Amino acid sequence: MNDNLEERKRKANEEFHKLIKWANAEEDKVSEQLDKEGAIKALDTNREAYSYIQETFKKRIKEIAEKYDLPVPK
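Just so you know, this note's numbering puts 35 at position 28 of the sequence shown, and the rest follows in order with no gaps.
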């Protein structure tokens, strides 16, 4: 990668913020669907409905880090 470290961090940060917006929007969609279904919403309920968001988020964080040649978070 030709960009210096600061430029790579800046670009990665932009993608990270887009990823956060996506995750928040997805959580809203899931919550809205659960509301329509009359599902109980509490801390330990319906985790499976949200699980794909967390899985995708973790995967994309690693992809972004690798894309910009930055340390991959664990």
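C-beta: ideal position from N, C-alpha, C; glycine also.
Just so we're clear, the structure is a prediction, and the values are computed from it rather than from any experiment.
Count the other CB atoms, across all protein chains shown, that sit within 10 Å of the CB of residue i; report buried if there are 16 or more and exposed otherwise.
{"i": "I27", "result": "exposed"}
Assuming contact is defined by CB atoms lying nearer than 7 Å, are residue i and residue j in contact in what I supplied?
{"i": "A30", "j": "L77", "result": "no"}
{"i": "E22", "j": "I71", "result": "yes"}
Alpha carbon to alpha carbon, what distance is there between residue j and residue i?
{"i": "E32", "j": "D10", "result": "The residue you asked about is not Glu; residue 32 is Ala in the sequence shown. Going by the C-alpha atoms only, they are around 31 Å apart."}
{"i": "R17", "j": "G45", "result": "42 Å"}
{"i": "V37", "j": "T63", "result": "15 Å"}
{"i": "I47", "j": "E13", "result": "45 Å"}
{"i": "V79", "j": "I68", "result": "8 Å"}
{"i": "N53", "j": "K66", "result": "21 Å"}
Assuming the contact rule is C-beta atoms closer than 8 Å, residue i and residue j should be a hit. Round their C-beta distance to whole Å, please.
{"i": "Y83", "j": "E34", "result": "Limits of the chain in this structure are 8 at one end and 81 at the other, which puts residue 83 out of reach."}
Inset, instruction - Kindly provide the ranges of any alpha helix (DSSP H) runs that are 4 or more residues long and lie completely inside the stretch 39-63, ordered along the chain. - result: none
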